[in-house]
Amino acid sequence: MTKAPFSGKGERASDLLGLIHSDVCGPMNTQARGGFKYFITFTDDFSRYGYIYLMRHKSEALENFKKFKNEVHNQHGKSIKALRSDRGGEYLSQDFDELLKECVIVSQLTPPGTPQWNGVFERRNRTLLDMVRSMMSHIDLPTSFWGYALETTTFTLNRLPSKSVQKTPHEMWTAKRPNMSIMNFLSNKGSGRNIELEEVQQQQVLQPEVEEISQVVEENSTALETQPLRRSTRERNEPERYGFLVTTQGDVILVHQDEPKTYQEAMSTPNSEKWLEAMRSEMDSMSENQVWTLVEPPERIKPIGCKWVFKKKTNMDGNVQTYNGRLVAKGFRQIHGVDYDETFSPVAMFKSIRILLVIAAFHDYDIWQMDVKTAFLNEKLEEDVYMTQPEGFVTPEKLERFLSYKGPFMD
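Position 84 of the sequence shown, counted from 1, bears residue number 84 in UniProt numbering, the numbering being contiguous throughout.
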């Protein structure tokens, strides 16, 4: 379900680059080829012409905005007047703020928790992802190809009529009618009819069907490859692991862009004490719940390993509220029939949660949310499972001993 946009929230831009809408989407469940997990969009308010850049990290947003700004300036000889975005941390960094001030670009930040004010890029992201899902469902390729599909859908949307503008975004942006021969296709429908997409009339307002668009791309993938996409030749550099974040109150803080992957990495960061405190809290919870018992190493038993998983919880301003350290056993190393017989994880169904929310809304009930400090996915284990002692918390005088483990397990 989506919220309807607010009405009367300002006039449209009167010229190209008068207002640019931008948003970062991700991380995706599956990495795209090239290691991309995010993408950032830039949409011109006047023409609705859109750009898209794939990103490995959210911190690459600033570098991609510089590419976009330089490219559109070279094309049109004009400068961006205003940039509208949500309050994502990538737009609130000190470097981003200094660049906007240097280029005299007005930063328009939408109020927190109000997607209704973000109508242009909320709809753009939703349309792009719907088209990508439809396209990927029609082709026999790994999900990691979603990055190419996303670039293709952006290319397609720019050449199709829109309700928001009188002409296609491509013609509004370039002052030239798009070459629609690339979009011609023949496909068989359920009724057996052959349908050919002729060159659309520029004044005609259409709402293209996602399925038809995916068929256009699928049948003409070879033709699309010959059409050069607009790409910058600037050399890509890995983003710095640490950066500055400016909160809505104007405070500047140093943040770690990524969670550490290992215990050694956590201990080598400036926030090592906070990660260590999170691990101590986890160990205390394990002890209170009697998750394991330190035992002598049994004969002919090869214990499974364990690892730390580190996560940060942030608020809407991007400030880190909580450092979490979770210890998980590497249950994937167990052998069925040897180490275990069956697995069971008592989890809630999303359908049940939605039903409860509907009932609460109907009766105007208050809904309270709680944060559970420690929760175990699995119930108590019937089998005897032995695990190595966790890194950083090995009992020195009992180094060779194992933990008789009762849960939780890593999927």
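Where is the CB? At the ideal position from N, CA and C, for every residue including glycine.
Check, Outcome
"What three-state label does DSSP hand R84 in the structure shown?", "strand"
"Taking the C-alpha atoms as reference points, what is the distance between E102 and M55?", "24 Å"
"Under three-state DSSP, which class holds L19?", "coil"
"Where are the beta strand (DSSP E) runs, 3 residues long or more, that stay fully inside the region 92–137, in chain order?", "106–109"
"Using three-state DSSP, classify S144 as helix, strand or coil.", "helix"
"Would you tell me roughly how many angstroms separate the C-alpha atoms of T247 and D86, rounded to the nearest one?", "With a pLDDT of 44 at T247, under the threshold of 50, the predicted position of this residue should be treated as unreliable, though the coordinate-derived value follows. Distance between the alpha carbons of T247 and D86: 13 Å."
"Report yes if the C-beta distance between K311 and E259 is below 8 Å; otherwise report no.", "yes"
"Using a Cβ-Cβ cutoff of less than 7 Å, which residues in the same chain neighbour K261 once the five nearest sequence positions on both sides are dropped?", "none"
"Could you tell me the distance, in whole angstroms, from the CA atom of V288 to the CA atom of I105?", "Checking the sequence, you will find Glu at residue 288 rather than Val. One C-alpha to the other measures close to 55 Å."
"If you follow the alpha helix (DSSP H) that D44 is part of, which residue opens it and which one closes it?", "Segment 38–44 is the beta strand (DSSP E) holding D44; no alpha helix (DSSP H) there."
"Going by beta-carbon coordinates alone, are S22 and L83 separated by less than 8 Å?", "yes"
"Work out the CA separation of H363 and R33 for me, nearest whole Å.", "48 Å"
"For the candidate residues L99, K313, T41, whose alpha-carbon lies nearest to that of K66?", "L99"
"In the DSSP assignment, find the alpha helix (DSSP H) that holds Q321 and state where it starts and stops.", "From DSSP, Q321 is part of no alpha helix (DSSP H) but of the beta strand (DSSP E) over 320–329."
"Taking only three categories from DSSP, how would you classify A149?", "helix"
"State the Cα-Cα distance for the pair T154 and G26, rounded to the nearest angstrom.", "17 Å"
"Between G325 and W275, which are expected to be in contact by the criterion C-beta below 8 Å, what is the C-beta distance as a whole number of angstroms?", "6 Å"
"Taking only three categories from DSSP, how would you classify E11?", "coil"
"So, V24 versus G88, is the Cβ gap smaller than 8 Å?", "yes"
"Along the chain, where does the alpha helix (DSSP H) containing I367 start, and where does it finish?", "First-last for I367: undefined, no H or E at that position."
"How far does the beta strand (DSSP E) with I52 in it reach, from first residue to last?", "50–55"
"Please report how far the alpha carbon of S107 lies from the alpha carbon of D97, in whole angstroms.", "8 Å"
"I'd like to confirm the pairing. Which residues does DSSP put opposite T314 in its beta bridges?", "V320"
"For D384, would you say it is in contact with chain C, using Cβ-to-Cβ distances shorter than 8 Å as the test?", "Structure shown: chain C not included; a single protein chain is present."
"Please state whether the Cβ-Cβ distance between D95 and F46 is less than 8 Å.", "no"
"Could you tell me if I335 is buried or exposed, where buried requires 16 or more neighbouring beta carbons within 10 angstroms of its beta carbon?", "exposed"
"Would you call the CB atoms of I304 and G331 closer than 8 Å?", "yes"
"Does the distance from the C-beta atom of M283 to that of F393 stay below 8 Å?", "yes"
"Quickly, what does DSSP pair V24 with across the bridge? List them, please.", "I40"
"Using only the alpha-carbon positions, how far apart do Y263 and L327 sit?", "11 Å"
"So the alpha helix (DSSP H) M279 belongs to, where does it begin and stop?", "272–288"
"Buried or exposed: where does G77 fall if 16 or more other Cβ atoms within 10 Å of its Cβ makes it buried?", "exposed"
"Which residue marks the beginning of the alpha helix (DSSP H) containing D169, and which one marks its end?", "Checking the sequence shown, residue 169 turns out to be Pro, not Asp. Taken as a continuous stretch (DSSP letters only), the alpha helix (DSSP H) holding P169 covers 169–174."
"Here's a check: name, in chain order, each residue in its chain whose Cβ is nearer than 8 Å to the Cβ of W173, leaving out the five neighbours to either side.", "L16, D44, S47, Y49, N158"
"Is it the case that the Cβ atoms of L109 and G318 are separated by a distance below 8 Å?", "no"
"According to DSSP, what are the bridge partners of A32?", "F36"
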